[in-house]
Amino acid sequence: MSWNNESRVDMNVYSQGEVDKWAYSTCNICSIGCGCYIAVKNNKIVGIKGNAEHPINRGRLGPKGENQWYANNSPDRLLTPLIRKDGTLEPASWEEALNVLVQKTKEALERHGGNGVAIYSTGQSTIETYYTIAKIGRAGIGSHLLDANTRLCTATTEWALLQSFGADGVPASMEDVDLTDTLMLFGHNPAETGTVLFERIMKRKRETGYPFMIVVDVRKTLTAKEADLFLQLNPGTNLALLNGIIHLVIRNGSLDHEFMQNYTIHFDEVKRSVELWTPELTSQVTGVPVEQIKRAAEVLGRTPSLVCTTLQGAYQSVDATSSCVAINNLHLMRGLIGKPGSGPFHMAGQPSSSSNRTVGGVGTYPGNRNPDNPKHIEEIAHLWNVEEKQLEVGPEKGIEEIIYLMEQEKIGLFWNINTNPMVSLPNRKRAKKAFEKTFVVVQDAFLTETTEVADLVLPVAIWGEKEGTMENTDRTINLLTKAVDPPNGVLSDFEILLEFAKRMDFRDKEGNPLISYNTPEQCFEEWKRVSKGRPSDMSGITYEKLMKYNGLRWPVNEEHPLGTPRLYTDLKFHTTPDDAQSYGKVLFTGRPRTREEFEDLHANGRAIMYATHYVPPAEHPSGEFPFWLTTGRLVWHWHSRTKTGRSPYLQMVAPQGYAEINIEDAQNLGLIPGEVVKVSSPRGSIKVPARIVDTIKKGVVFVPFHFGTWENNEAANELTADFTDPLSKQPTFKHASCRIETLRKRYQISSSVTLLHVADENRLTLEELARINRMMPPYRADIGKVVEVPLSRVNVEIPPYMPYRSIEKFPSFKQANLPYTRLDLEKG
Amino acid sequence: MNQHIARITQILKVLTEESPASKNPIGFRLTPLLLEMDWTVKHISHLLEKEDQNKEDLKQYLSILYRDDEAADPLIRSWVRAARWMDSPQLQEIVRRRQLYQSLKEELTSMVPDVQSIFGKYETRYIIPPLFRGKERNDA
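The listed protein sequences derive, respectively, from chains A and B. 139 is the number of the first residue of the first sequence in my numbering; add one for each residue after it. 1171 is the number of the first residue of the second sequence in my numbering; add one for each residue after it.
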């Protein structure tokens, strides 16, 4: 039972007097999917509290979740549509705005056909919105270019699952995390990206000693600090490490041959592909000591149960899909799938990115239907009552390819829904130029960096102001009810889509409106019928049931009326040609397979293992750019800070960007903490304060990606490269090359300008001045000597989140043991 | 279609004979794709020469050829970007290959009506990806 049924209700409410009502909802930040209630007073959202009955969190909330409601009341909410006229966005009526949208859509269709319109949505909206995007996009507009910001965060999840198991849907769930003996967190830092899940793991660990935690990361994250075994590898070497571990697991004979014989194919290919990956070679490539590799292989080879999670450290790296498939291979060769406490658990990042995949807002057709299978296309055409020929077929396209098409002026309208690509896309200069060539529609609650390139802006409702359902990282469908109406003049995404469909006069083949539902719940009922019989069957779900049972994990149908904790308990995978969601791709090149090639595998219900061949990153440090650049997240902010930047508390805690630089590198460069430096890559540069740490390796620089305003020049994606994984098309944000340059002013020492004078004037200590100028005691500077000082210095202290940890260097209160002494510091 | 296949064959001969142009990892991923395209067009060419063409085999090879492009096109564009950013001495050569590859893509695009005349518009949808097929609706 999750959390041993112990609740702790986290609450963040700002209200004078009692709250009028608590509206049932789900957190809209990360992918954990915490149940919550929204506090309402005088028709205004005044806070949030956790849902003590919800099995995912039992009342707990993360810091971002607790603070998400501030955005609802932010004084800079957009209240009217905006149309760009003569370079300036000007208020317009909904009538005018929607007329423009319809007119521009028709122009794009006339000029380019269905693929002249691209829809780019989000991982933070509802199933009902995504399903409507899928239906309008596919059957109305006829576009093949439906993508979302999920491409940037968890497209790899989908492809790893399609490749190995034939369909999307993570095999394991949080219930398995509660049971497993061994947990490997591969490129996954839940201490900062999914704090409630981390708390769940650590609670059990502190009470029982389980699970044994293996953490694999480039940075010594807060998660890594709690690991039993931490493998700190070089950037771009995930697959090399996994090949090395699997080599040893095979060599040590820790395999379930009977399982492989009956339920998998192609083990021999795996074995051949890892033959050369001895521990010594693996260590040489990855930088992980041989003993640690052997220890990991020993644990992973012997553990009776295993859950492996992956997130951006895997997905946004080179060989992303191959690495996740290697993890699937590991589970399959040990028979550790489909049973309690065992299975791959490839995470999602956003609160609802999984549902966008499930209902066809991105990638494949709704209900895990294969866009290359005529039978699936026929099915969906029948369900939607449209002609098959209206539905585009073939391999999907990702956002990098859509940007290319925009550069070629082959896209007439780019419809951006609730995401901020001008901060989140890699190589953003390129993306901006592409956006400027196309008519861009942006739906958002605020002006953002992306509305700066928009031609039409539509203000929308956010969390708490609309109802619907979301799918979290472990297939749990949660309900969100409407706590308050959105501000006057603001519509929900769902309402805008319905109005658009009506104005475009989209019809089915009998001439009835293509969209026949009017409310999210009605839409969900239609989606249920579409999902019936498919892997993501939700035919047994109702809004009422979701509230009663606090979420249900699909499939939910007659056979499983209360949901399914784990998939593949019957060891039957979706690898028959007419069941498979995709025929898959050639793992090394990303070339989509044909149906015949898939049939020739003769998988027929067995899982597919793959040879995994390591390819290093396309860009690496050299010459002019001698450092690795990697990017990532903070615990305090979500994505481009559209919501979290509007929480006074979160913004105060982490107000700006920075670059984390290794202590030794900082010493070599003569940097002092907080010194503003210029970080440059082949694509651009930023100016940020240096945060000098020992949590990253020498030669690596880390920049958080949240701070992407146009004016502050702190955007990590000014620096990143837009290479993509060949299968998932997910960008490799984690690898680029960069250099660090100091930004200094100079003083010439004279009789009046002494070292002490320079230090005082610039608020430095003499020691700091000496360090900057690489001076040794007794810090003598002769007249005429030139010394440097930083142009600017900013104090960057990012406090930790979890109060119970004793892993920080500076004092924190311990509730059990007071007073706090130097001995505690030494212990800690 | 024969002429398009002949031109594609010529282009692939150049691209594969001189492969890889650089040691960039992208080139390593691209090479097997180009080799597969080369192998595939040779089979297509051979089939087209026959009086009684095996349409199923032709469909399969054409499907593979176009799917090779789905994978190769973004890789080649990445390759050019990588060469620029890494200041590669082979940049000019890689740009030349990109241009050659563009010509190959133009041939693939021009070939669409020929494929449609053999297989019909409905079946061609499952052979040739949508962006090649242009803006017309595909009637059965």
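Backbone N, C-alpha and C fix where the C-beta goes; we use that ideal spot for every residue, glycine too.
In the structure shown, the three-state DSSP call for A/Tyr268 is helix.
When secondary structure is reduced to three states using DSSP, A/Gln886 falls in the strand class.
Contact annotation: A/Lys159 and A/Val178 have beta-carbon atoms nearer than 7 Å. Ranked by Cα distance from A/Ala298, the first of A/Val839, A/Val524, A/Gly722 and A/Glu663 is A/Gly722. Nearest to A/Asn933 by C-alpha distance, out of A/Thr862, A/Ala908, A/Ile830 and A/Arg918, is A/Ile830. Taking a beta-carbon distance threshold of 7 Å, B/Ser1258 does not count as an interface residue toward chain A. Listed along the chain, the chain B residues whose CB falls inside 7 Å of the CB of A/Tyr542 are Arg1247. Distance from the CA atom of A/Ile921 to the CA atom of A/Tyr885, rounded to whole angstroms, is 11 Å. A distance below 6 Å between beta-carbons, with the five flanking residues on each side excluded, links A/Thr707 to the following residues of its chain, in chain order: Gly476.
Counting only runs of 4 or more residues that sit fully inside the segment 621 to 681 of chain A, the alpha helix (DSSP H) segments are 631 to 642 and 658 to 669, in chain order. The contact set of A/Asn494 on chain B, defined by CB atoms closer than 9 Å, is empty, because the minimum CB distance reaches about 20 Å. For A/Leu217, the CB contacts under 8 Å within the same chain, skipping 5 residues up- and downstream, are Pro597, Pro625, Asn626, Gly627 and Val628 in chain order. A residue is called buried when at least 16 other Cβ atoms come within 10 angstroms of its Cβ; B/Ala1176 does not meet this threshold and is exposed.
At a C-beta separation below 8 Å, A/Val531 has these neighbours in chain B: Arg1295, Tyr1296 and Pro1300. Inclusion of A/Arg196 and A/Ala190 in the CB contact set at 7 Å is warranted, their separation being smaller than that value. With respect to the 7 Å criterion, A/Gly451 and A/Trp415 are not classified as neighbours on the basis of their beta carbons. In the DSSP assignment, A/Pro827 falls within the beta strand (DSSP E) that extends over Gly822 to Val831.
Between A/Pro533 and the set B/Leu1185, B/Arg1237, B/Ile1264 and B/Val1211, the nearest pair of CA atoms involves B/Arg1237. Taking one beta carbon from each stretch, the segment 452 to 467 of chain A and the segment 287 to 306 of chain A have 3 or more pairs nearer than 8 Å; the two touch. If you check the CB distance, A/Gly505 and A/Pro309 do not come in under 7 Å. Secondary structure of A/Lys513 (DSSP, three-state): helix. A Cβ-Cβ contact shorter than 7 Å links A/Ala797 with A/Val841. In the displayed model, A/Met340 falls within a helix according to three-state DSSP. Fully enclosed beta strand (DSSP E) runs of no fewer than 3 residues occupy 577 to 582 and 594 to 597 of the segment 553 to 603 of chain A, in order along the chain. When 7 Å is used as the limit between beta carbons, A/Asp510 is near these residues of chain B: Tyr1296, in chain order. Around the CB of B/Lys1220, fewer than 16 other CB atoms lie within 10 Å, so the residue is classed as exposed. Close to B/Phe1198, with beta-carbon spacing below 8 Å, are these residues of chain A in chain order: Val753.
In the displayed model, B/Gln1230 falls within a helix according to three-state DSSP. Contacts with chain A (Cβ-Cβ distance below 7 Å) from the segment 1221 to 1235 of chain B involve Gln1230, Ser1233 and Ile1234, listed in chain order. The residue among B/Glu1277, B/Met1281 and B/Arg1247 with its C-alpha nearest the C-alpha of B/Arg1267 is B/Arg1247. Non-local beta-carbon contacts of A/Leu239 in its own chain, meaning distances under 7 Å to residues more than five positions away in sequence, involve Val579, Leu594 and Phe638 in chain order.
Straight-line measurement puts the Cα of B/Glu1293 at about 12 Å from the Cα of B/Leu1228.
Proximity of chain B to A/Glu926 at the Cβ level (cut-off 7 Å) is not reached, the minimal Cβ distance being about 29 Å. Between the segment 350 to 360 of chain A and the segment 806 to 815 of chain A, the count of C-beta pairs closer than 8 Å stays below three; the two stretches do not touch. Sorting A/Pro786, A/Thr611 and A/Ala853 by C-alpha distance to the C-alpha of A/Gln206 places A/Pro786 at the top. Contacts between B/Leu1203 and chain A, judged by CB atoms closer than 8 Å, involve Thr727 and Arg729 in chain order.
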